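Numbering (the numbering used here), first residue to last: 9 to 392. Every residue gets a Cβ at the ideal spot worked out from N, C-alpha and C, and that includes glycine. All figures in this text were calculated on a predicted structure; none of them were measured in a lab.
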Amino acid sequence: MIIAEEVQSKAQEREFLEFQARLYQHDPNYIKPLDKDIQEIFNPEKNKFFQNGECKRFLFKNKKNETVGRVAVFINNFYEQQQPTGGIGFFDCINDQETANFIFDYCKEWLQKRGMEAMDGSINFGERDKFWGVLTDGFEQPLYGMNYNFPYYKKLFENYGFRVYFEQLCFSRPIFAEVSRVFMVMHAKHQRNSDISAQPMKKNNLKKFARDFTEIYNKAWAAHGEGKCMEESKVLKMFRTMKPIINEHISWFVYEKGKPIAMWMNIPDLNQWFKYLNGKFGLLQKLKFLWVKKFKKNEKMVGLVFGVIPEWQKKGIEGYMIWEGTQHLRKHTDFTVTEMQWIGDFNPKMIKIAENLDTTVTKKLATYRYLFDRNKEFERHPVL
Numbered sequence: 009m010i011i012a013e014e015v016q017s018k019a020q021e022r023e024f025l026e027f028q029a030r031l032y033q034h035d036p037n038y039i040k041p042l043d044k045d046i047q048e049i050f051n052p053e054k055n056k057f058f059q060n061g062e063c064k065r066f067l068f069k070n071k072k073n074e075t076v077g078r079v080a081v082f083i084n085n086f087y088e089q090q091q092p093t094g095g096i097g098f099f100d101c102i103n104d105q106e107t108a109n110f111i112f113d114y115c116k117e118w119l120q121k122r123g124m125e126a127m128d129g130s131i132n133f134g135e136r137d138k139f140w141g142v143l144t145d146g147f148e149q150p151l152y153g154m155n156y157n158f159p160y161y162k163k164l165f166e167n168y169g170f171r172v173y174f175e176q177l178c179f180s181r182p183i184f185a186e187v188s189r190v191f192m193v194m195h196a197k198h199q200r201n202s203d204i205s206a207q208p209m210k211k212n213n214l215k216k217f218a219r220d221f222t223e224i225y226n227k228a229w230a231a232h233g234e235g236k237c238m239e240e241s242k243v244l245k246m247f248r249t250m251k252p253i254i255n256e257h258i259s260w261f262v263y264e265k266g267k268p269i270a271m272w273m274n275i276p277d278l279n280q281w282f283k284y285l286n287g288k289f290g291l292l293q294k295l296k297f298l299w300v301k302k303f304k305k306n307e308k309m310v311g312l313v314f315g316v317i318p319e320w321q322k323k324g325i326e327g328y329m330i331w332e333g334t335q336h337l338r339k340h341t342d343f344t345v346t347e348m349q350w351i352g353d354f355n356p357k358m359i360k361i362a363e364n365l366d367t368t369v370t371k372k373l374a375t376y377r378y379l380f381d382r383n384k385e386f387e388r389h390p391v392l
């Protein structure tokens, strides 16, 4: 017998956070997410998706009143799909198919009552940049904001009837690995052009780099259907929020006669520091974070955005930028690995860029979909 409890009290909220930590307590690769990052997702004052959606959290208890699972189930009306599609996220469960089936059935019924015809999981009640997907390959320490789960989760989802809607590919490259000969040739070519220059991002000039970032991003991606246009004011706010963890050696911009034409944005992997905080971030943990940040080497940097404006694409300017940045960070940082968090298998353009950077796939996550009408034809995410 399994009982579902909606998370409403402070005690239930704590249990929702701590159940996962207990489940993974003997897994050396598990890093507990910051409690505040999870709590903000379920706070209507912090999460804009509550303005046009609905979300509930549930705990699942056995007859001994022991927690055997948890889940968030939600409707996000910004999540455009062929049929009305709800989501489930923050799914954790003991290794028992019957328990998982009960949780999935419960979510299905909740969504059907609200007019949904399918459910995706395990996804986030928010943007795709955090807590999205079921890890199916590469069971190593997760990057900050990345889902981590036991290998048996794949079986739990697929045995129930979920199918892969799209795969999320994570790429990695050793910093000191040999750089592609093509990049070296392109670097040599553009280095001879006095109009071309490369600059690392500096904390004392965030306004300039926010302006340059916005211009490149909106030309390279948003204007070509790969994302939403960004506002310079919001980018500047984001940069100021990130200021404490910006490393001035690892984000690079390229200019032609002072005009921004390309960027390669990276940050340190925060999980290499947060793993010492056990999910907490109060005053004592913030002080500990500053100590850890100063004295513990962080060897992973994470790629956020890579972009070249259309008129400079296919001209090798990325080779110039990569080699300029790589030479510099090899001398001035402790980083040994660069990671690209995830690229959907529906995005061959970005996959090609990652492959051209001499990366290898090190992790795979799956976004699963379950159609409530079992006779309806299943379709994967359309290719961009």
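### Task
Spatial neighbours of Lys283 within its chain, please: CB distance less than 7 Å, with the 5 preceding and 5 following residues excluded, ordered by chain position.
Ile39
### Check whether Met209 and Ser259 have beta carbons under 7 Å apart
Against a cut-off of 7 Å, the Cβ pair of Ser259 and Met209 comes out as a contact.
### Query
So is Ala80 buried or exposed if we call it buried at 16+ other beta carbons inside 10 Å?
buried
### Query
Since Met127 sits in a beta bridge, which residues does DSSP pair it with?
Gly94 and Tyr378
### Query
What are the uninterrupted segments assigned as beta strand (DSSP E) that are 3 or more residues long and contained completely in the stretch 235-301, given in chain order?
260-264 and 267-276
### Query
Cys237: buried (16+ other C-beta within 10 angstroms of its C-beta) or exposed?
That one is exposed.
### Query
For Thr144, does the three-state DSSP call read helix, strand or coil?
strand
### Message
Let me check one thing: in DSSP terms, what residues is Val316 bridge-paired to?
### Response
Ala270
### Query
According to DSSP, is Arg219 helix, strand or coil?
helix
### Local conformation of Phe68 per DSSP, three classes
Of the three classes helix, strand and coil, the one that applies to Phe68 here is strand, per DSSP.
### Query
Is the Cβ-Cβ distance between Met194 and Gly315 less than 7 Å?
Judged by their CB atoms, Met194 and Gly315 are not nearer to each other than the 7 Å cut-off.
#### Entry: Neighbourhood of Ile102 by C-beta distance below 6 Å, restricted to the same chain and skipping five residues each side
Val76
### Proximity to Pro268 [Cα-Cα], best of Trp320, Lys288, Leu292 and Phe289
Trp320
### Query
Would Gly169 be called buried (16 or more neighbouring beta carbons within 10 Å of its own) or exposed?
exposed
### Selected residue, minimal CA-CA separation from Phe289, among Pro356, Thr341 and Ile46
Taking only the C-alpha atoms, the option nearest Phe289 is Ile46.
### Query
Quick one: what's got a C-beta closer than 7 Å to Cys63's C-beta in the same chain, skipping five residues either side?
Phe50, Ala80, Phe82 and Phe133
### Query
Comparing alpha-carbon positions, which option in Leu119, Ala108 and Cys115 lies nearest Tyr160?
Ala108
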